[in-house]
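Each residue of the sequence shown is one higher than the one before, counting from 383 in this note's numbering.
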Amino acid sequence: DRAGNKYWFICRRLIVEKRDGDGVIAYYTTCKQLEEVLNSIDPKKYEHRLSEAIHHIRDDIEQNMKLTESITKDKKK
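Encoded structure:
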């Protein structure tokens, strides 16, 4: 993204490795969180390639996130 953060889709999570180098990593595990991330990036100008890459595999990401949500819901019972 425009801040230089790296985005990874690993183990049913969208992981954002912050550029600032202090080891901060954010991760997103739900479809709602994915939507928030997508709404926070600029698909037209600054993060066009990032947005395209995420949208290219969005179905897979959402399918995996729904699985995580389902597993979490089942374990909370």
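A virtual CB, placed ideally from N, CA and C, is assigned to each residue, including glycine. This structure is a prediction, so every number in the text was calculated from the model and none was measured.
The straight-line gap separating the alpha-carbon atoms of E417 and Y410 is approximately 10 Å.
Residue pairing by DSSP places R395 opposite I392 in a beta bridge. Under the three-state reduction of DSSP output, I423 falls in the coil class, being neither helix nor strand. Assignment of I407 by DSSP, reduced to helix, strand and coil, places it in the strand class. Between the segment 430-447 and the segment 386-394 there are three or more inter-stretch CB-CB distances shorter than 8 Å, so the stretches are counted as touching. Measuring C-alpha to C-alpha distances from E399 to each of C393, D383 and R431 identifies D383 as the nearest. Contact between R401 and T450 fails: their C-beta atoms lie close to 26 Å from each other, not under 8 Å.
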